[in-house]
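2 protein chains.
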Amino acid sequence: MANARRSADRDSAAYDGRTAATETEEYARNVDTWVNPLMSDVYTALRTAILRGEFAPRQRLIETELTEQYATSRFLLRNALTRLETEGLIELQPNRGARVREISVQEAIEITEIRRVVEGLVAARAAERVTDAEIAFLHDLGESMKAAVQATDMLRYSELNAQLHATVRSIAQHDSATRIIEQLNGQMVRHQFRLSLVPGRPTVSMPEHLAIITAVSSRDPEAAELAMRAHLTSVLDALKAFAGAAATRGAL
Amino acid sequence: MANARRSADRDSAAYDGRTAATETEEYARNVDTWVNPLMSDVYTALRTAILRGEFAPRQRLIETELTEQYATSRFLLRNALTRLETEGLIELQPNRGARVREISVQEAIEITEIRRVVEGLVAARAAERVTDAEIAFLHDLGESMKAAVQATDMLRYSELNAQLHATVRSIAQHDSATRIIEQLNGQMVRHQFRLSLVPGRPTVSMPEHLAIITAVSSRDPEAAELAMRAHLTSVLDALKAFAGAAATRGAL
DNA sequence: GGCTTCAATTTTGTTGACGATATGTGTAAC
DNA sequence: GTTACACATATCGTCAACAAAATTGAAGCC
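Chains A and B, in that order, give the protein sequences. Counting along the first sequence from 1, when you hit position 116 you're at 116 in UniProt numbering, and nothing is skipped either side. Counting along the second sequence from 1, when you hit position 250 you're at 250 in UniProt numbering, and nothing is skipped either side.
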């Protein structure tokens, strides 16, 4: 249970305040508001900044600059850097400081391979545990996604995409899997960003997302696992196509 | 490639100096000797101590005591503690110090569920990439395991078990998966220990291990994935039985 | 002109001390 | 005899200064 701390703040956001009082109560046990103080402001700020792409890959992160930028001390900053290194977001080299870690296409593929099987597991478990309220929420989410695609609002669609995956995780209540998926996501963000903007991508992924919602809602674990796997297989294929194209162009 | 650093020291040990010169050469590319100096002696020492069970779960880790014990400074010690916390081996509470994190049976089950799918992925990939030399090594490993079981040397069998899994990972060369599996293993050690000593357990797991070796050696990815999954399903069942028995006894 | 060497500067590594918070103990009041 | 409060101690959190290492730039040499 103590394990939920890092995931709770993100998954709870999946519901976005739209749930009724009874449902809120239902989810409350899963939402651990305890925050590790060592997960200081600096850590959170720096992490989101890297995830947003405000620092380029391979860019050096100089301690004194960052202490000014985030108005903090070197002590707290270094603590944050240590954590980010363990998480795999940055690289620390002795006496040479920190760099934003560059994720190769090859590594992005590896990460997606893992996500495929782990999120498949999570989807199956979500199908076993889903409540009526959660089914309703998933339905709404699906409708919102359709609307976003029709309005060709790709940014919104991308957001809803992340929200769908987070919701499935939250339903599954599989703390260990959630932790790992979020760790992997942290390393993928820049690549995901690119992929979600590939033209024609929503045409492929939209039905896959709906299939996940349908399978989980019909409480069919096998179907849910297959639907989630199919979706991530499609992501994987897109990534491999990208890698292949890059290799052909001689960019690798 | 920079990603292999944390896994190299453990996977390289899998071969235990028993390989011929040509094979050693073959594996050399996979053994990255670069060590992050921030992964200081303190970190390694403390980590292995926790993994060996030298500190009981929930036991408090007092900074001044540890600095004496490991003859180091508080600075380096805290760095190590921060890393161990991110890794999930210990818990840090504000102004209340560090504790060894206790893994519940429930959590052990969750972790094994993840291992099942991720190690399945790794086994499939190992079957795709395995070389003749590696097949020979796997064969020897299988023979050693049979010998250990016949000699009822459970400690040796347990070691070889870990070595088999590490070897499969090494063959697969899936850095991201390796990293995650080893992270999960770190949290499981105390439970694994108990399980490996359950009477009659080798009778169940021995044929499963041999099936993994056979499937990988015949370069059949699907069979390898299924064999690995079957093995970890069996581990999972044993864990669930243990959890059920504990619940019946009122121990939970 | 290109290469090496050396020093100045930047940047990181480490230490010790001090302040803040929690915990344990003893005393007094009920 | 029990509870509540206050004090003392242990432990963690933070900082600022110092030491060590690497990078950068310029000068000298081939």
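All C-beta atoms, glycine included, are put in the ideal place defined by N, C-alpha and C.
Secondary structure within the segment 137 to 182 of chain B: the alpha helix (DSSP H) runs of 4 or more consecutive residues, fully enclosed, are 154 to 172 (chain order). Contact with chain B is found for H174 of chain A, since one of that chain's Cβ atoms lies less than 8 Å from the residue's Cβ. Among the bridge pairs identified by DSSP, R60 of chain A is matched with A:R99. The beta carbon of L81 of chain A sits closer than 6 Å to the beta carbons of A98 from its chain, once the five residues preceding and following it are set aside; these are given in chain order. Apart from sequence neighbours up to five positions away, the residues of its chain that approach I103 of chain A with a beta-carbon distance below 6 Å are Q187, ordered along the chain. Judged by their CB atoms, L121 of chain A and A177 of chain A are nearer to each other than the 8 Å cut-off. Near chain B, meaning a CB-to-CB distance below 7 Å, the residues of the segment 78 to 99 of chain A are N79, T82, R83, T86, E87, E91, L92, P94. Proximity of chain B to G120 of chain A at the Cβ level (cut-off 8 Å) is accounted for by V117, in chain order. With respect to chain A, the C-beta atom of I114 of chain B has a partner C-beta closer than 8 Å.
Secondary structure at L89 of chain B: coil, using DSSP grouped into helix, strand and coil.
For I90 of chain A against V105 of chain A, the beta-carbon gap comes to about 20 Å, at or over 8 Å, which does not count as contact. Within its own chain, the residues whose Cβ lies closer than 8 Å to the Cβ of I212 of chain A, once the five positions on either side in sequence are excluded, are A123, L164, V168, A224, A227, M228, H231, listed in chain order. In its chain, beyond the 5 residues on either side, S234 have a beta carbon closer than 7 Å to the beta carbon of V204 of chain A. Among the residues facing chain A, A224 of chain B is not included, as its CB has no counterpart in that chain under 8 Å away.
The closest CA to that of R125 of chain A, considering only A:E107, A:H174, A:K146, is found on A:H174. Residue environment: Q150 of chain B is assigned as exposed (fewer than 16 neighbouring CB atoms within 10 Å of its CB, all protein chains considered). It is roughly 45 Å from the alpha-carbon of L236 of chain A to the alpha-carbon of R74 of chain B. Listed along chain A, the residues sitting closer than 8 Å to E110 of chain B by beta-carbon distance are H174, D175, S176, A177.
Not a single C-beta of chain B is nearer than 8 Å to the C-beta of E63 of chain A. By the criterion of a C-beta distance shorter than 6 Å, V42 of chain B is surrounded in its chain by Y70, T72, L76, L77, A80, once the five residues flanking it on both sides are discounted. Among the residues facing chain A, I180 of chain B is included, as its CB has a counterpart in that chain under 8 Å away. Closest option to R179 of chain A, judged by alpha-carbon separation, among A:P94, A:S217, A:R115: A:R115. Here A45 of chain A has Y70 as same chain residues with Cβ atoms under 8 Å from its own Cβ, once five neighbours each way along the sequence are excluded. Exclusion of the five residues before and after A148 of chain B leaves R156, Y157, L160 as the residues of its chain whose Cβ lies within less than 7 Å of its Cβ.
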